[in-house]
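So the sequence shown is numbered by the numbering used here: it starts at 1180 and just counts up by one. This report refers to the structure that appears directly beneath it.
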Amino acid sequence: MSTLTVDRLAAPPAWVVDQMPPGYRTRLSEIERLAGELREMDRFARLLWEVGGPLEDAVRDAFAAMKLEIDPVPPPGTRRVAVRLKHGRRLLVEVADADGRIQKKSPAVARVFQLVQEVAGHNDRVVLVATSDAERRPTDRPDPVDADALALLERLGVNVMSGPAMFAFWSLWLQDADRARKYLDRLHEQDGGVFQAPTV
1180 MSTLTVDRLA APPAWVVDQM PPGYRTRLSE IERLAGELRE MDRFARLLWE VGGPLEDAVR
1240 DAFAAMKLEI DPVPPPGTRR VAVRLKHGRR LLVEVADADG RIQKKSPAVA RVFQLVQEVA
1300 GHNDRVVLVA TSDAERRPTD RPDPVDADAL ALLERLGVNV MSGPAMFAFW SLWLQDADRA
1360 RKYLDRLHEQ DGGVFQAPTV
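Take a look at the structure:
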């Protein structure tokens, strides 16, 4: 078995390739291609289980992959992704930074409340993306927000999505971009509550 790690396989010294038997260069190129594809897919797989900064990066990458315009760096102390839609509309996405059910007094709810009160305009929809119980399969997890917190978020007109629901959005985009755009419109139009993931 080769002692080269996958990372080092990406750029071996030129003399190594010259010393190896025929077929080595072809196999090396194939390994590099597959490793690159795995790294690319892993960015989106993080939607299924990450929280905080890594989930924020994955959400940002997913919206970017959908060819949507994303505002630059969010304000300090936030995990915000501002996504521009057609007709001057925006999704203001706040990403929860804890793995567990969000409660009414959770920091994520306070940040969302501030976002609604101080930042969101008439054409904006605030969305909270959260992951709960990441060690379990998405279908076995509880809702990411408890009942009291959800009632407050509904009154504020904030939509709640799980990380896996965002993953479903991205997956749908790969298969049917037009249908995914319709779901984005529905996400913007929904006036608070849990947003159901599209079926893929």
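For glycine and all other residues, C-beta sits at the position ideal for the given N, C-alpha and C. For clarity, every value in this text was computed on a predicted model and none was experimentally measured.
Spatial neighbours of residue i in its chain, beta-carbon cut-off 8 Å, leaving aside the 5 residues before and after
| i | result |
| --- | --- |
| Ala1261 | Ile1249, Asp1250, Pro1253, Arg1269, Leu1270, Leu1271 and Val1272 |
| Gly1279 | Ser1311 and Asp1312 |
| Leu1135 | Here the chain comprises residues numbered 1180 to 1379, so residue 1135 is not present and cannot be evaluated. |
| Trp1349 | Phe1223, Leu1226, Ala1241, Ala1244 and Met1245 |
| Pro1286 | Asp1276 and Ala1277 |
Cut-off 7 Å between Cβ atoms - residues of its own chain near residue i, not counting five sequence neighbours on either side
| i | result |
| --- | --- |
| Gln1369 | Asn1338 |
| Phe1346 | Phe1223, Leu1226 and Leu1227 |
| Ala1237 | Arg1222, Phe1223, Arg1225, Leu1226 and Glu1229 |
DSSP-derived helix/strand/coil call for residue i
| i | result |
| --- | --- |
| Ala1299 | coil |
| Met1340 | strand |
| Gly1372 | strand |
| Arg1225 | helix |
| Val1230 | coil |
| Glu1273 | strand |
| Glu1248 | strand |
| Leu1183 | Low local confidence applies: a pLDDT of 42 at Leu1183 is under 50, so the model's placement there is unreliable, with the coordinate-based value given in what follows. Here Leu1183 sits in coil by DSSP. |
| Ala1261 | strand |
| Ala1313 | coil |
| Arg1304 | strand |
Any non-hydrogen atom of the ligand SAH closer than 8 Å to residue i Cβ
| i | result |
| --- | --- |
| Arg1269 | With respect to small molecules bound, the structure shown includes none, and the ligand SAH cannot be examined in it. |
Best match in the options for proximity to residue i [C-alpha to C-alpha]
| i | options | result |
| --- | --- | --- |
| Arg1334 | Thr1318, Lys1361 and Val1288 | Val1288 |
| Glu1314 | Val1373, Leu1227, Val1195 and Arg1206 | Leu1227 |
| Gln1267 | Leu1247, Ala1277, Glu1235 and Val1291 | The identity of residue 1267 in the sequence shown is Gly, whereas the question assumes Gln. Ranking the options by Cα distance to Gly1267, first place goes to Leu1247. |
| Arg1225 | Ser1341, Gly1300 and Lys1284 | Ser1341 |
| Ala1330 | Asp1364, Lys1284 and Val1196 | Lys1284 |
| Val1373 | Val1305, Asp1355 and Met1220 | Val1305 |
| Asp1221 | Ile1210, Ala1241 and Thr1205 | Ala1241 |
| Pro1323 | Gln1198, Tyr1203 and Glu1229 | Glu1229 |
| Gly1231 | Phe1348, Ala1309 and Asp1357 | Ala1309 |
C-beta atoms of residue i and residue j nearer than 9 Å
| i | j | result |
| --- | --- | --- |
| Ala1244 | Phe1223 | yes |
| Pro1343 | Pro1317 | yes |
| Leu1307 | Ala1275 | yes |
| Leu1234 | Arg1258 | yes |
| Val1291 | Leu1332 | yes |
| Val1196 | Leu1207 | yes |
| Gly1336 | Gly1300 | no |
Neighbourhood of residue i by C-beta distance below 6 Å, restricted to the same chain and skipping five residues each side
| i | result |
| --- | --- |
| Ala1359 | Leu1351 and Trp1352 |
| Tyr1362 | Pro1377 |
| Gln1282 | Asp1325 and Ala1328 |
| Asn1302 | Gly1267 and Arg1268 |
Where are the beta strand (DSSP E) runs, 3 residues long or more, that stay fully inside the segment 1341 to 1367, in chain order?
none
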